[in-house]
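First to last, the sequence lines map onto chains A and B.
Numbering-wise (my numbering), the first sequence opens with residue 1 and increments by one.
Numbering-wise (my numbering), the second sequence opens with residue 1001 and increments by one.
Let me begin by presenting the structure, written as structure tokens, before commenting on it.
2 protein chains.
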Amino acid sequence: MKYSKATNYALHTMLYLAVTSPNQRVGVQPMAEKLKVSPTYLSKILTQLVKAGMIESSPGAGGGYKLPPHWEEISFLDIIHAIEGPVSLFDGCLNDHPDCLIQNVMVSAEEKMEEELKQKKIAELAKKAPPVL
Amino acid sequence: MKYSKATNYALHTMLYLAVTSPNQRVGVQPMAEKLKVSPTYLSKILTQLVKAGMIESSPGAGGGYKLPPHWEEISFLDIIHAIEGPVSLFDGCLNDHPDCLIQNVMVSAEEKMEEELKQKKIAELAKKAPPVL
DNA sequence: CTATTAAAGAGTTATAATATCTATAATATC
DNA sequence: GATATTATAGATATTATAACTCTTTAATAG
Ligand code: SF4
Ligand code: SF4
């Protein structure tokens, strides 16, 4: 019951882009160095973010990744969902009782967490210019 | 990023005890049958619950498990913590920056969820006498 | 003492996360 | 067009954790 390291890397790179270069492209190597993770692995994570519309990519010389136009609206929840998928924390159901009481509790609790994660935008954190990496 | 099946089994057995026999002892075999899980495996989970004070056990003939005197106060969060341990959903930290912004967000979101899980008691669900198993 | 039941230990299997290697495709620059 | 650069994709290996089993031990009631 833990968020994956991939999610952690995704959050860090997003915050990194927001803090350092919201408009400029940056390749995967420098970020992989900062995060102390292999470029190929980080690349896979960034590709997932691209597909989810969290960042934009361009190949070729001078290419790299940059934030999309709407980047100030991107929330923690968006990033987490991009990596973890549309998670439901609880799904060990066996019998499919109608209107399951256990699942109701778990889902409503999960929603409380998601509300909070939806309100928190990386742009908001970036304003504080933290030493993110 | 999912709760373990063990947590699921724990929630179901607790609710089962609360619904069927709040005072009477019941062995692991009947419950394992209902849950379609092996008795030895369920036994390990129940032992964790015993150590966390969620249930009481007694060996020997006529023994088994029963809820403790304070069972009506037991929350979902209590049960989850008993199985998952004192979880922190997020811990992929690399640099230990002071007053980490990312971790602050994740922790506060997690607390929102835990508040909800702390308010939900199994006794409350048991009153509705659901077809739990 | 014997039957019954929980607890504990060691081990196995299954599944998912993590990471690497290699090959391919796209773009810019010359 | 040739070359260097960079992202993407596929296959695969490694590691970690969850899930489960088997066996032994301990405790209790009758
Ligand atoms: S109680 Fe809920 S989770 Fe459990 S078997 Fe019934 S529907 Fe599924
Ligand atoms: S930003 Fe937070 S989680 Fe990331 S390295 Fe710094 S302290 Fe750790």
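Beta carbons are placed, not taken as given, at the ideal position from N, Cα and C, and that holds for glycine.
- Between the alpha carbons of B:LEU1067 and A:ALA6 lies a gap of roughly 40 Å.
- For B:ASN1095, the shortest C-beta to heavy atom distance toward ligand 2 is below 7 Å.
- For B:SER1043, the enclosing alpha helix (DSSP H) stretches over residues 1039-1051.
- In the pairwise beta carbon analysis, the stretch 103-115 of chain A is classified as touching the stretch 1098-1118 of chain B: at least three pairs are separated by under 8 Å.
- Taking 8 Å as the cut-off, the beta carbon of A:LEU46 is found no closer than this to the beta carbon of A:THR20.
- In the three-state scheme derived from DSSP, where H, G and I count as helix and E and B as strand, A:TYR9 is classed as helix.
- Judged by beta-carbon spacing, B:ALA1082 lies within the 8 Å limit of B:LEU1049, meaning their Cβ atoms are closer than that value.
- In the DSSP assignment, the residues bridged to B:GLY1064 are B:SER1058.
- No Cβ of chain A is located within less than 8 Å of the beta carbon of B:MET1054.
- Counting the other Cβ atoms within 10 Å of the Cβ of B:GLY1064 gives 16 or more, which makes it buried.
- Of the residues B:ASN1023, B:ASN1008 and B:ASN1095, the one whose Cα lies closest to the Cα of A:ILE102 is B:ASN1008.
- B:ALA1010 sits close to B:ILE1079, with the two beta carbons spaced by under 8 Å.
- For B:ALA1109, at least one C-beta of chain A is nearer than 8 Å to its own C-beta.
- For B:SER1075, the secondary structure class from DSSP, reduced to helix, strand or coil, is strand.
- For a Cβ distance threshold of 9 Å, residue set MET1001 and GLY1092 of chain B lies close to A:SER4, ordered along the chain.
- For A:LYS34, the enclosing alpha helix (DSSP H) has its first and last residue at 28-35.
- Taking 8 Å as the CB threshold, B:GLU1072 stays off the interface with chain A.
- In the DSSP assignment, A:GLN103 falls within the unbroken alpha helix (DSSP H) covering 101-119.
- Here A:LEU15 carries a helix assignment [DSSP, helix/strand/coil].
- Residues of chain B whose Cβ lies closer than 7 Å to the Cβ of A:LYS127 do not exist; the shortest such Cβ separation is about 10 Å.
- Put simply, the CB of A:LEU46 is far from chain B, with every gap to its CB atoms at 8 Å or more.
- Chain A has a Cβ within less than 8 Å of the Cβ of B:ASN1008.
- The three-state reading of DSSP puts A:HIS97 in coil, since its state is none of H, G, I, E or B.
- Per the C-alpha coordinates, the member of B:SER1038, B:HIS1070, B:ALA1061 and B:GLY1062 positioned closest to B:GLY1053 is B:HIS1070.
- When C-beta distances to chain B are compared with 7 Å, the residues of the stretch 15-31 of chain A below that value are LEU15, in chain order.
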